[in-house]
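Note sheet for the following structure.
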Amino acid sequence: MSSTVIRCERLTKYYGKSRGIEDLTFEVRPGQVYGFLGPNGAGKTTTIRCLLSMLRSTSGRAFLFDEEVGVDGRELRRRIGYVPGDVKLFEKQTGRWTLDYIAGLRGGPGPAEAEICERLEFDPTRRVKELSKGNKQKLALVIALMHEPELLMLDEPTSGLDPLNQQVVFDILEERVAKGATVFLSSHILPEVERVCDRVAVIRDGRVVAEESVDDLLSKAIRTVHVTYAEPVPDAFVDGLRGVTSLERLGDTGLRATVTEDIGNTLLGILARPVADITVEHASLEEVFLQYYGHGEREGGAS
Amino acid sequence: MSWAVFRSTLQIRRTSLLWYSFGLALYGWFIIAFFPLIEDNLQYMEIFETVFTEEMMAIFGAAGLNFGTLGGFMTVEYLGLIWVLIVAAAVITFAAGTLGGAVEDGTMELTLAQPVSRMQVALMRYLALAAYAGILNFVTVATIYLPGLLHGVDVPLDGMGLLFLIGWVVTMAIGGFAYAVSAFSSGGGRTIGISLGVLAAMWLADVLGNISERFDWLSEFTLFNYWKPDVVIDDLTVAGESWAVFGITALVTFVIAVWAFRRRDVV
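Chains as they are written, first to last, in this note's numbering: chain A, 868 to 1170; chain B, 286 to 552.
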């Protein structure tokens, strides 16, 4: 069994002079659901395309199942199911034709084809050009899942799907992971990532700026503390609180504070006065994400 | 080998193959049906030939040709230029869509995400191009030979066999060139533009070479100089240099296409 399913070592891709990804280093272990986070243009799709040998890296190395990715990579791709971020299909052909074409390339029909079609309620008899965006996405999902690959590389896999079908997709992914599959999920829909991933890399301007488990990432991140004091507290007390990132007075007795580090000591300070009620909220992944990106830095660069 | 790539490439283009075949069949039948009329009125054709200047004859690809023979007549009216244009349009469009066009419309990404190598894709799509060209050439000779029987024209069967072979190699030389251009580009339009542009430039160079001694040397560099269907039909021969020029072009352009396609980014 491979020790890593995906490994990138200082992987770099430039499109002429413009940056795609730079010095990207991370690894995905067997059985992980690995989230690859970043806004449009951060380099998520470029990374996946380098891993699938569709783009030639400028420098650095990429490995799949501990084998270095070359220009061919045919046998490696036998073990991979891929949903592209922007699904493109043979528009004049039917879904059935497309599935048969993929089956021909993979040496036989996908054992899970009928089941996935049924669960996603996808009708393969219609021509691709007649399908809605959601149905094209379903076809891409059937293509990726029907051969039950060991690694699923999914670039925005639920794009265009309604909530019910999104749920079906997550159910299927959970079942596949339970059977030993690894999932590499590129997304900017953070609740989706938070829900299914156990480890994430945050990519910004083509570089990985954070890479850890979802739990660790969240535990290090912002908490919001809501306090209602038993009696009015003076401004001097509030101003003297240490370790808070921002503070907001809510009347004479209320306070909302955001804390990014050393939550224990900050809470001790807050609790120095009699408290009627207190809640501590963990940040969502979305808020963590915004910590890394700030506001207004969401676009540009490669996709 | 991935025959799924070969099959699908042809399946996708079956409608265009049908239309090009229909066009060739109709045109071939129309021209061969005319030949008995021309044969019976050769004296008028000789007058007709004297009316035109040598330059005019060259423009229509008729310089030095004899209207009275089946080969000469078919070359002037069909095989010398019109046929070249029809099959060139067919194979250039085909080649443009199979590599660069597929990168542009995103279907190459779908294909190469599967366990198939770029070498296999390039080889199988070239073989599909060869089959496509083969069908067009078969239709060409079949729709000269069979209507010829119907209209009492003595069309040599071995001449048609030879015409099929050299025609197929010519078509592959044109298609191979477009295929190589397609391997470098990320869109079908550019391939079509460049390939048709080169073909048009060759035709102009051939005309110029035929009408002016000063530019005689230009003919050496054109495809049309080595494409002599009149000799194939009337004398049942193909010059060795024609086989060499078209065959080597078809082969070299294929090697260039594979080399380029294996090295490029495909999205």
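Ideal Cβ positions, reconstructed from N, Cα and C, are used throughout, including at glycine.
Here the structure is a predicted model, which means the values were calculated and not measured.
Proximity of chain B to A:P951 at the Cβ level (cut-off 7 angstroms) is accounted for by E394, in chain order.
Residue contact with chain B for A:G971: present (Cβ-Cβ distance below 7 angstroms to some residue of chain B). Between A:V1142 and A:P1024, the gap from beta carbon to beta carbon reaches 7 angstroms or more. For B:Y464 against B:L384, the beta-carbon gap comes to about 7 angstroms, under 8 angstroms, which counts as contact. Between the beta-carbon of B:L414 and that of B:G460 there is about 5 angstroms, and that keeps the pair under the 8 angstroms contact cut.
Between B:G419 and B:W368, the CB-CB gap reaches or exceeds 7 angstroms. Non-local C-beta neighbours of B:G532 in its own chain, meaning closer than 6 angstroms and more than five positions away in sequence, comprise V454, ordered along the chain. At a cut-off of 7 angstroms, the C-beta of A:M1013 has no neighbouring C-beta in chain B. In the three-state reduction of the DSSP assignment, A:I1070 falls in the strand class.
Taking a beta-carbon distance threshold of 7 angstroms, B:R475 does not count as an interface residue toward chain A. Bridge partners of A:D1022 according to DSSP: A:S1053.
Neighbours of A:L1019 in chain B, taken as residues whose beta carbon is under 9 angstroms from its own, are absent, since the nearest beta carbon is some 12 angstroms off.
Sequence-ordered contacts of the region 956–971 of chain A with chain B read L956, F957, E958, K959, Q960, W964, T965, D967, Y968, I969, A970 and G971 [C-beta pairs closer than 9 angstroms]. Rounded to the nearest whole angstrom, the CA to CA distance from B:V517 to A:R944 is 49 angstroms. DSSP places A:V895 in the strand class (E or B) of the three-state scheme. A straight-line Cα-Cα distance of about 7 angstroms links A:I873 and A:R896.
B:V454 carries a helical assignment under DSSP once its states are collapsed to helix, strand and coil. By the C-beta density criterion, A:G883 is exposed, having fewer than 16 other C-beta atoms within 10 angstroms.
Around the C-beta of A:Q1034, fewer than 16 other C-beta atoms lie within 10 Å, and the residue is accordingly described as exposed. For B:R299, the uninterrupted alpha helix (DSSP H) run begins and ends at R299 to D325, by DSSP. A:T912 sits close to A:D1022, with the two beta carbons spaced by under 7 angstroms. DSSP places A:R944 in the uninterrupted alpha helix (DSSP H) bounded by R941 to R944. Excluding five sequence positions before and after B:M393, the CB atoms of its chain that fall closer than 6 angstroms to its own CB belong to A387 and V551, given in chain order. When only Cα atoms are considered, B:H436 and B:L448 end up about 20 angstroms apart.
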